[in-house]
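Read the structure below first, then the notes.
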Amino acid sequence: MAGIVQTHRTSFFLLGGESSPATVCAELVSRGLAQVRVWVGERLSYEDERIICGSAADFVDKDFDALSAILVEYDHAHERGIASPWLPDEAFVRGSVPMTKEELRELAICKLRIRPDDVVWDVGSGTGSISVEAARAASAGQVFAIERDAEALALTRANCERFGLENVQIVEGEAPEALQGLAAPDRVFVGGSAGNLEQILRVALSANPALRLCVPSVTLETLSDCLRCVRELDLRKVDIVQVSVARACERGSYHLMRAENPIYLLLAEGPAADDAGEDAASTATSRDAEGR
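Per this note's numbering, the sequence shown runs over residues 1 to 292.
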């Protein structure tokens, strides 16, 4: 439900069974939404109906009737808009930390195929541009932004706050050590590895051997390291894309195309991805059969 609240200024829920105003408010608090405005209505239309208003934090430990409804208002909700990423580079707070540029960012997020409830690791978050786009895509999920540099951490935090994102947890430290104890990832983006790419991928794959990952490479040495990891870690469905971007720049009354450094994107899935895909296909087939 927190994902719905994060993407809508007003949300309304009819509750019953195991879902109560207290459990919903507890989920909101756990996702950093403790101060959203909540209206709780109990036994509506009955003589003893009650409607009260407060913050999510106010209602975590309160008892309510099983017949309840809640209305939640969140002023900083972010609209998902179209399914693909679309934020321009100038929308982000910038510093001296390198940022994954718009064209590469959009392609990486699209090829990661992030689902609304995915857990995403952004290792080496830098300015946080990937974390922001991933959090918008995984609106009901969770993004972990892992970064060791103080300026980059501040920029990641500033950009997440800029877009009102509450489903990003910023993790200070160097990977792979900083990855210990995090929720198992469905998607992993490694924007910076500090020479520890294989160890980072091993930790991620041990948590979820069916994950999908994306590793950008600017240098041939990093690309070579990626290919070695493909062999060593038995990665599947490997796709390598070279991205070459050129932008127009003015030279007097003329415009020239100025080329950016070409970047390689390695896309791959864990060794258990095939099994996960077969299980999903089998489940879908079963559901279709039941429906018929």
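Yeah, the Cβ is synthetic: ideal placement off N, Cα and C, and Gly gets one too.
(request) Would you identify the three-state DSSP class for isoleucine 52, choosing helix, strand or coil? (result) The residue you call residue 52 lines up with position 52 of the sequence shown. Of the three classes helix, strand and coil, the one that applies to isoleucine 52 here is strand, per DSSP.
(request) Please classify threonine 10: does DSSP put it in a helix, a strand, or coil? (result) The residue given as residue 10 occupies position 10 in the sequence shown. Threonine 10 falls in the strand class under three-state DSSP.
(message) Would you say the beta carbon of glutamate 42 is closer than 6 Å to some non-hydrogen atom of the ligand SAM?
(response) This structure lacks the ligand SAM, and indeed carries no ligand of any kind.
(request) Evaluate asparagine 261 with the Cβ neighbour count: other Cβ atoms within 10 Å of its Cβ, from every protein chain shown; 16 or more gives buried, anything less gives exposed. (result) By one-based count along the sequence shown, residue 261 stands at place 261. Exposed is the call here.
(request) Tell me, please, whether the segment 134-151 touches the segment 175-186 by the rule of three or more beta-carbon pairs shorter than 8 Å. (result) Touching, yes, given that three or more Cβ pairs across the two stretches are closer than 8 Å.
(request) Can you tell me which of the three DSSP states phenylalanine 92 falls into? (result) The residue you call residue 92 lines up with position 92 of the sequence shown. Phenylalanine 92: coil per DSSP, three-state reduction.
(request) Within 10 angstroms of the Cβ of serine 20, are there 16 or more other Cβ atoms? Answer buried if so, exposed if not. (result) The residue labelled residue 20 in the question sits at position 20 within the sequence shown. Buried, by the Cβ-count rule.
(request) May I have the straight-line CA-CA distance separating valine 190 from glutamate 47, to the nearest angstrom? (result) Reading the sequence shown from its first residue, position 190 is the one you call residue 190. Reading the sequence shown from its first residue, position 47 is the one you call residue 47. Using only the alpha carbons, I get a separation of about 58 Å.
(request) List the endpoints of the continuous alpha helix (DSSP H) containing aspartate 225. (result) Taking the sequence shown and counting its residues from 1, the one referred to as residue 225 is at position 225. Segment 220-232, the alpha helix (DSSP H) holding aspartate 225.
(request) May I ask you to verify whether the segment 97-105 touches the segment 114-122, counting CB pairs closer than 8 Å and requiring at least 3? (result) A contact between stretches requires three or more CB pairs, one per stretch, nearer than 8 Å, and the segment 97-105 fails this requirement with the segment 114-122.
(message) So the candidates are Leu233, His255 and Val24; which of them puts its Cα closest to the Cα of alanine 272?
(response) Translated into the one-based positions of the sequence shown, residue 272 becomes position 272. That would be Leu233, whose Cα lies nearest to the Cα of alanine 272.
(request) Express the C-alpha separation of arginine 136 and aspartate 89 in angstroms, rounding to a whole number. (result) For this step, residue 89 is matched to residue 89 along the sequence shown. For this step, residue 136 is matched to residue 136 along the sequence shown. Across the structure, aspartate 89 and arginine 136 are spaced so that their CA atoms are roughly 16 Å apart.
(request) Pick helix, strand or coil for glutamine 180, following the three-state DSSP scheme. (result) In the sequence shown, the residue the question calls residue 180 occupies position 180. In this structure, DSSP gives glutamine 180 a state outside helix and strand, which the three-state scheme calls coil.
(message) Closer than 8 Å is the cut-off here; do at least three beta carbon pairs connect the segment 147-158 with the segment 12-29?
(response) Taking 8 Å as the limit for Cβ pairs, the verdict is that the segment 12-29 does not touch the segment 147-158.
(request) Classify isoleucine 4 as helix, strand or coil using the three-state DSSP reduction. (result) Here residue 4 is taken as the residue at index 4 of the sequence shown, counted from 1. Three-state DSSP puts isoleucine 4 in a helix.
(request) Excluding the 5 residues preceding and the 5 following lysine 62 in the sequence, name in chain order all residues of the same chain whose CB lies nearer than 8 Å to its CB. (result) Sequence index remark: in the sequence shown, residue 62 carries index 62 (1-based). So the qualifying residues of the chain are Pro21 and Ala22.
(request) Take the Cβ of glutamine 242 as the centre, count every other Cβ of all protein chains shown within 10 Å, and call the residue buried at 16 or more, exposed below. (result) One-based indexing of the sequence shown puts residue 242 at position 242. Residue environment analysis places glutamine 242 among the exposed positions, since fewer than 16 neighbouring C-beta atoms fall within 10 angstroms of its C-beta.
(message) Using the three-state DSSP reduction, which class does valine 132 fall into: helix, strand or coil?
(response) One-based indexing of the sequence shown puts residue 132 at position 132. Here valine 132 sits in helix by DSSP.
(message) Checking 7 Å against the spacing of the C-beta atoms, do valine 188 and alanine 204 come in under that value?
(response) Within the sequence shown, residue 188 is the residue found at index 188, counting from 1. Within the sequence shown, residue 204 is the residue found at index 204, counting from 1. Inclusion of valine 188 and alanine 204 in the CB contact set at 7 Å is warranted, their separation being smaller than that value.
(request) Tell me where the beta strand (DSSP E) around valine 245 begins and ends. (result) Locating residue 245 in the sequence shown gives position 245, where the first residue counts as 1. Premise fails: valine 245 is in no beta strand (DSSP E) and is neither H nor E.
(request) Give the C-beta separation of leucine 33 and alanine 56 to the nearest angstrom, bearing in mind that I take them to be a contact with Cβ-Cβ under 8 Å. (result) Within the sequence shown, residue 33 is the residue found at index 33, counting from 1. Within the sequence shown, residue 56 is the residue found at index 56, counting from 1. Leucine 33 to alanine 56, Cβ: 6 Å. Contact.
(message) Taking the alpha helix (DSSP H) that arginine 202 belongs to, which residues open and close that run?
(response) Counting from 1 along the sequence shown, the entry for residue 202 is found at position 202. Looking at the DSSP string, the run of the alpha helix (DSSP H) that includes arginine 202 is 197-207.
(request) With DSSP as the reference, label valine 97 as helix, strand or coil. (result) Stepping through the sequence shown from its first residue, residue 97 is reached at position 97. The answer is coil: DSSP assigns valine 97 none of H, G, I, E or B.
(request) Quick one: using the 10 Å Cβ neighbour count with 16 as the cut-off for buried, is cysteine 160 buried or exposed? (result) Within the sequence shown, numbered from 1, the residue matching residue 160 stands at position 160. Its Cβ being crowded by 16 or more others within 10 Å, cysteine 160 is buried.
(message) Excluding the 5 residues flanking glutamate 166 on each side, which residues of the same chain have their C-beta closer than 7 Å to its C-beta?
(response) Sequence index remark: in the sequence shown, residue 166 carries index 166 (1-based). Contacts found: Gln6, Arg31, Gly32 and Leu33.
(request) Report the rounded CA-to-CA distance for leucine 220 versus phenylalanine 163, giving the unit in angstroms. (result) The residue labelled residue 220 in the question sits at position 220 within the sequence shown. The residue labelled residue 163 in the question sits at position 163 within the sequence shown. Those two C-alpha atoms are separated by around 35 Å.
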